[in-house]
Structure formats: C-alpha cells, structure tokens
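A.B. asks: Dropping a structure here in structure tokens format, bear with me for questions.
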Amino acid sequence: MKPLLLGDYVTTPTYGQLAATPYGRLHTYDLADFLARWPELHEEALAVLGEDRIHPSAYVHPQAIVGDDVIIGPSVSVHEFSTVRKGSVLCAGASVGFNCEVTAAFVGEGAVLGHRIGINHTIVGNRAHLSAGVTVAAIAVSADMSRPDREICLRTTAGMYRCGTTQFGAVIGDKVQTGNNISLGPGVLVGRNSQIDSGVTLAIRAVPDNSVVTAPHTAQTRIRSRNAGVEEMLP
130 MKPLLLGDYV TTPTYGQLAA TPYGRLHTYD LADFLARWPE LHEEALAVLG
180 EDRIHPSAYV HPQAIVGDDV IIGPSVSVHE FSTVRKGSVL CAGASVGFNC
230 EVTAAFVGEG AVLGHRIGIN HTIVGNRAHL SAGVTVAAIA VSADMSRPDR
280 EICLRTTAGM YRCGTTQFGA VIGDKVQTGN NISLGPGVLV GRNSQIDSGV
330 TLAIRAVPDN SVVTAPHTAQ TRIRSRNAGV EEMLP
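Per my numbering, the sequence shown starts with residue 130, numbered consecutively.
Spelled out as structure tokens, the structure:
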C-alpha cells in the first residue's frame with residue numbers, strides 16, 4: 130500500500146509554540162500512522178505546552194464549550210454555542226463560527242469554519258474555508274453505530290488505501306474552499322486549492338489538487354403542477 134503523506138495535503142504549523150510539539154512534524158506522517166498515534170502525539174503536545182495550551186490572545190465566547198485537552202493557538206476565535214473537544218487543535222488564526230461541533234480534529238493556521246460546521250476525526254489545512262452546513266462523518270454505517278466495526282478505506286489513483294481505524298473523516302487540504310450543505314466522509318482526501326460546490330456528498334475518495342467537485346446543478350430542478358401534471362424546467 131502506497132503511503133499517503135499528510136505533507137502532500139496540509140502545511141505543518143509554524144507559528145507559536147505548537148511548532149515545537151509533535152504537530153510540528155505533521156507533514157512527515159503517513160495518514161494511517163498518524164491516525165494510529167494521534168492520541169499519543171496529542172498527549173506529548175499537551176506536555177510541551179503545559180499551562181499555555183490556550184494562548185492568551187485567543188477569543189473564546191462565554192457560551193462556547195472547550196474541552197480540557199483542547200489546544201488553542203494565538204488569535205484563534207471560537208464563537209457562541211460552539212463545542213471544541215476530545216483532543217482538538219486550533220492553530221494560529223483559525224476561526225470557529227456559530228454553533229459548530231469540532232471533535233478530535235486538527236484545524237490549520239488561518240482556517241475558517243463557518244456556521245453550523247460539524248467535523249470529526251478530521252484534519253483541515255491552512256486557510257481552508259468551510260461554509261455553513263458542512264458535515265464530516267467519521268464512521269461508516271454499521272449494525273450498531275455506537276460500536277463501529279468497519280475499517281475506513283478510500284480509493285486513490287494508486288489503489289485502495291486502508292486507514293487502519295474505524296474512525297476517520299477527512300483530510301481537507303490547504304486553501305480548500307467549500308459551498309454550503311456539504312456532506313463528506315468517512316474516508317475523504319481533498320487536495321490543495323480545490324473547490325467543493327454546495328450540495329456535494331462525497332465519501333471514500335481522494336480528490337486531486339486544484340479540483341472542482343460539483344453536485345447536479347440547481348437548474349436541473351423540475352417543478353410539476355400537482356393538478357395539471359405539467360412539468361417544466363427552471364430557467
């Protein structure tokens with residue numbers, strides 16, 4: 130199985146103390162190796178940062194919830210009714226908008242999570258921008274969703290890649306831009322500088338750099354009269 134280096138998708142944090150932690154080596158890890166070691170690496174990072182795990186320049190709204198093991202870098206914003214938990218990392222300048230849920234996720238420098246974003250076991254690159262209503266799922270549908278038992282795999286140009294875990298959402302590369310109401314994962318890689326249009330549903334796929342991912346255009350929507358049976362295409 131050919132390795133999938135995280136450095137091919139996201140940039141390692143360089144600003145602030147986070148660069149001196151294991152996250153400063155993020156670009157060197159194969160995806161499956163990083164996912165297997167992520168809890169251990171996060172504990173090492175917490176040990177390095179100590180009481181400085183939340184930078185004093187960060188803004189956390191009083192009505193936001195931040196877990197005890199979350200790392201928040203300089204000039205980060207976490208807005209009202211959002212929850213950030215379970216070993217998440219918000220790098221310098223990242224923004225978490227209104228009513229988001231960030232679980233076991235890494236959010237790169239200057240990345241923006243808009244309103245009502247839900248990401249789980251996901252890595253978001255530098256200056257990526259996720260618009261309202263983007264959801265990243267981390268487990269496959271199984272008989273008992275509380276005990277996922279299906280390993281997450283994804284299709285790449287080199288063949289099938291095994292993630293070695295039952296929980297992985299997506300790697301969303303540097304400068305990826307999205308529309309709204311998008312569902313990703315489990316098992317998605319989105320290359321740098323890509324665009325995902327509104328309404329897309331995507332799983333178990335690797336998207337190359339500089340791609341545009343589209344859903345059927347709204348112009349294909351049809352309106353039909355319930356009484357007359359007349360059908361017409363929207364202009």
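Cβ coordinates follow ideal geometry from the N, Cα and C atoms, glycine included.
So, with DSSP's three-state summary, where would you put Leu155?
C.D. replies: By one-based count along the sequence shown, residue 155 stands at place 26. DSSP places Leu155 in helix when its eight states are reduced to three.
A.B. asks: What does the alpha-carbon distance come out to for the pair Met289 and Asn339?
C.D. replies: In the sequence shown, residue 289 corresponds to position 160, counting from 1. In the sequence shown, residue 339 corresponds to position 210, counting from 1. Each residue's Cα considered, the two are about 22 angstroms apart.
A.B. asks: With burial defined as no fewer than 16 other Cβ atoms inside 10 Å of the residue's Cβ, what is the status of Ser224: buried or exposed?
C.D. replies: Here residue 224 is taken as the residue at index 95 of the sequence shown, counted from 1. Buried.
A.B. asks: Roughly how many angstroms lie between the CA atoms of Pro364 and Gln324, to the nearest whole one?
C.D. replies: As a first step, residue 364 is located in the sequence shown; it is residue number 235 there, counting from the start. As a first step, residue 324 is located in the sequence shown; it is residue number 195 there, counting from the start. With a pLDDT of only 44 at Pro364, under 50, the local geometry of the prediction cannot be trusted, and the value read off the model is given with reservation. Between the alpha carbons of Pro364 and Gln324 lies a distance of about 25 angstroms.
A.B. asks: Could you tell me whether the stretch 143-151 touches the stretch 170-186, using the rule of 3 or more Cβ pairs below 8 angstroms?
C.D. replies: Verdict: yes, contact present.
A.B. asks: Once the 5 residues before and after Val300 are set aside, which same chain residues still bring their CB inside 6 angstroms of it?
C.D. replies: The residue you call residue 300 lines up with position 171 of the sequence shown. Counting only Cβ-Cβ distances below 6 angstroms, and skipping sequence neighbours, we find Tyr138, Ile252, Leu318.
A.B. asks: List the endpoints of the continuous beta strand (DSSP E) containing Leu147.
C.D. replies: Within the sequence shown, the letter at position 18 stands for residue 147. Element bounds for Leu147: n/a, residue is neither H nor E.
A.B. asks: Run through the stretch 176-240 for me and flag every whole alpha helix (DSSP H) of 4 or more residues, listed as ranges in chain order.
C.D. replies: none
A.B. asks: Short check: CB of Arg334 to CB of Lys304, under 9 angstroms?
C.D. replies: Stepping through the sequence shown from its first residue, residue 334 is reached at position 205. Stepping through the sequence shown from its first residue, residue 304 is reached at position 175. Contact: no.
A.B. asks: Compute the distance between the beta-carbons of Ala233 and Asn249, then report whether it is under 9 angstroms.
C.D. replies: Against the sequence shown, residue 233 aligns to sequence position 104. Against the sequence shown, residue 249 aligns to sequence position 120. Result yes, Cβ atoms of Ala233 and Asn249 sit closer than 9 angstroms.
A.B. asks: Kindly give me the distance between the Cβ atoms of Gly226 and Ile246, rounded to whole angstroms, as I take these residues to be in contact under 8 angstroms.
C.D. replies: Your numbering for residue 226 matches position 97 in the sequence shown. Your numbering for residue 246 matches position 117 in the sequence shown. Yes, Gly226 and Ile246 are in contact; Cβ-Cβ is about 7 angstroms, under 8 angstroms.
A.B. asks: Answer with buried or exposed for Ser275, where buried requires no fewer than 16 other C-beta atoms within 10 angstroms of its C-beta.
C.D. replies: Indexing the sequence shown from 1 puts residue 275 at position 146. So Ser275 ends up on the exposed side.
A.B. asks: Between Leu170, Pro203, Pro315, which lies nearest to Gly237 when the distance is taken from Cα to Cα?
C.D. replies: Counting from one through the sequence shown, the residue named residue 237 turns up at place 108. Comparing Cα positions, the closest option is Pro203.
A.B. asks: Since Cys282 sits in a beta bridge, which residues does DSSP pair it with?
C.D. replies: Counting from 1 along the sequence shown, the entry for residue 282 is found at position 153. Partner(s): Arg291.
A.B. asks: In or out: Tyr188 buried (at least 16 other Cβ within 10 Å) or exposed?
C.D. replies: Working through the sequence shown from its first residue, we reach residue 188 at position 59. Exposed.
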